[in-house]
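**Student:** Take a look at the following structure, please.
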Amino acid sequence: MLVTKNLVPGESVYGEKRISVEGGVDDTKVEYRVWNPFRSKLAAGILGGLDHIFIKPGAKVLYLGAASGTSVSHVADLVGPEGIVYAVEFSPRSGRDLINMAKKRTNVIPIVEDARMPNKYRMLLSTVDVIFADVAQPDQARIVGVNAHSFLKDGGHIVISIKASCIDSTMPPEVVFARELENLKEQQLKPLEQVTLEPYERDHAMVSGTLLGIFRSPLLIIIQLAVYLRNRMPTT
1 MLVTKNLVPG ESVYGEKRIS VEGGVDDTKV EYRVWNPFRS KLAAGILGGL
51 DHIFIKPGAK VLYLGAASGT SVSHVADLVG PEGIVYAVEF SPRSGRDLIN
101 MAKKRTNVIP IVEDARMPNK YRMLLSTVDV IFADVAQPDQ ARIVGVNAHS
151 FLKDGGHIVI SIKASCIDST MPPEVVFARE LENLKEQQLK PLEQVTLEPY
201 ERDHAMVSGT LLGIFRSPLL IIIQLAVYLR NRMPTT
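Sequence positions in the sequence shown follow UniProt numbering and run 1 to 236.
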């Protein structure tokens, strides 16, 4: 069983089971929330054997593809009150749920924007220790790359959930995963570890990695500038 220490004791987020145990300060109880791997890719990756997720107390995390905040709430538990989670979600409907969740977990900063356009939320954050991505898009590697070169600190890490069918449903998942690793390398990201998410998720993998070298990619900076200028152009 996987659990996280509840940042807001007495409160659940998605109906998850809560467990109280003795051992707190002055013999008070400590409450934990069960982290369901069938509802969280990150939990599935941990139970699937991923050795390092790099998310620890006090960390700053950029979470791409936050959805309604199920997994984000557990990440908020992990980083604790001294950490912060910048949670990016494109869907307005899921974004509303995310915002409501963040009202009680105040270390979560909900951002309802397109992760392809980090310049739209650049003013809300500086550098982060970890980027977690669950965006399930064909250009996922590029999305992660642009955000990493914008916000990931030197020595920081990425963790990515890869859904094979969202990238290419005509190819075997193993081939898709291998190609995504190459795509990450093209973004100057170095894969470190890879696990599959079965039995929790079919045809999914999770990959951790880091930036190659200490310099930001000039090409990606140019891409970011082009996106920014395009967004400023008047629509017809």
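Backbone N, C-alpha and C fix where the C-beta goes; we use that ideal spot for every residue, glycine too.
Can you tell me whether K163 is buried or exposed, with buried defined as 16 or more other CB within 10 angstroms of its CB?
**Tutor:** Translated into the one-based positions of the sequence shown, residue 163 becomes position 163. The residue in question, K163, is buried, as its Cβ has 16 or more Cβ neighbours within 10 Å.
**Student:** Rank S20, L62, Y14, F54 by C-alpha distance to the C-alpha of S40 and give the top, closest one.
**Tutor:** Within the sequence shown, residue 40 is the residue found at index 40, counting from 1. For the residues S20, L62, Y14, F54, the minimum Cα distance to S40 belongs to Y14.
**Student:** Provide the residue span of the beta strand (DSSP E) that contains T70, from first to last.
**Tutor:** Residue 70 sits at position 70 when you count from the first residue of the sequence shown. Note, T70: premise wrong, no beta strand (DSSP E); alpha helix (DSSP H) at 70-79.
**Student:** Could you check what DSSP says for F177 in three-state terms: helix, strand or coil?
**Tutor:** Looking up residue 177 in the sequence shown gives position 177. DSSP places F177 in helix when its eight states are reduced to three.
**Student:** Can you check whether the CB of L50 is closer than 8 Å to the CB of E182?
**Tutor:** Numbered from its first residue, the sequence shown carries residue 182 at position 182. Numbered from its first residue, the sequence shown carries residue 50 at position 50. Not a contact, by the Cβ cut-off of 8 Å.
**Student:** In terms of DSSP beta bridges, what is L199 paired with?
**Tutor:** Taking the sequence shown and counting its residues from 1, the one referred to as residue 199 is at position 199. Per the sequence presented here, residue 199 reads as Pro, with Leu not at that position. P199 pairs with nothing; no bridge assigned.
**Student:** If you count every other CB in all the chains shown that lies within 10 Å of the CB of V21, and 16 or more means buried, which is it?
**Tutor:** Taking the sequence shown and counting its residues from 1, the one referred to as residue 21 is at position 21. It is exposed - the Cβ of V21 has fewer than 16 other Cβ atoms within 10 Å.
**Student:** Contact between the segment 113-126 and the segment 166-186 is defined here as three or more beta-carbon pairs at a separation below 8 Å; is this criterion met?
**Tutor:** Short answer: they don't touch.
**Student:** Could you check the C-alpha separation between D97 and V79 for me, to the nearest Å?
**Tutor:** As a first step, residue 97 must be located in the sequence shown, where it is residue number 97. As a first step, residue 79 must be located in the sequence shown, where it is residue number 79. Taking the straight line from one Cα to the other gives about 21 Å.
**Student:** By DSSP's criteria, S208 is part of a beta bridge. Which residues make up the other side?
**Tutor:** Here the question's residue 208 lines up with position 208 in the sequence shown. For S208, which the question treats as bridged, DSSP gives the partners V159, E193.
**Student:** Assuming L212 and L152 form a contact by the criterion Cβ under 8 Å, report the distance between their Cβ atoms to the nearest whole angstrom.
**Tutor:** Residue 212 sits at position 212 when you count from the first residue of the sequence shown. Residue 152 sits at position 152 when you count from the first residue of the sequence shown. Going by Cβ atoms, the distance from L212 to L152 rounds to 12 Å, so no, they are not a contact pair.
**Student:** With DSSP as the reference, please indicate the residues paired to F132 in a beta bridge.
**Tutor:** One-based indexing of the sequence shown puts residue 132 at position 132. Partner(s): Y63, V159.
**Student:** For the beta strand (DSSP E) containing S20, list its first residue and its last residue.
**Tutor:** Looking up residue 20 in the sequence shown gives position 20. Note, S20: beta strand (DSSP E), 18-22.
**Student:** Taking 8 Å as the cut-off, does the segment 129-139 touch the segment 99-112 (at least 3 CB pairs, one atom from each stretch)?
**Tutor:** Flag = no, the segment 99-112 and the segment 129-139 do not touch.
**Student:** What is the DSSP secondary structure of E11, reduced to helix, strand or coil?
**Tutor:** Here residue 11 is taken as the residue at index 11 of the sequence shown, counted from 1. Three-state result, E11: coil.
**Student:** DSSP three-state call for L2: helix, strand or coil?
**Tutor:** As a working mapping, residue 2 is identified with position 2 in the sequence shown. Residue state, collapsed to three classes: coil.
**Student:** Using a Cβ-Cβ cut-off of 7 Å (strictly less than) and excluding sequence neighbours within five positions of residue 313, which residues of its own chain qualify?
**Tutor:** Here the chain comprises residues numbered 1 to 236, so residue 313 is not present and cannot be evaluated.
**Student:** Where do the ends of the alpha helix (DSSP H) carrying I99 lie?
**Tutor:** Along the sequence shown, one-based indexing puts residue 99 at 99. Run containing I99: 92-102, per the alpha helix (DSSP H) assignment.
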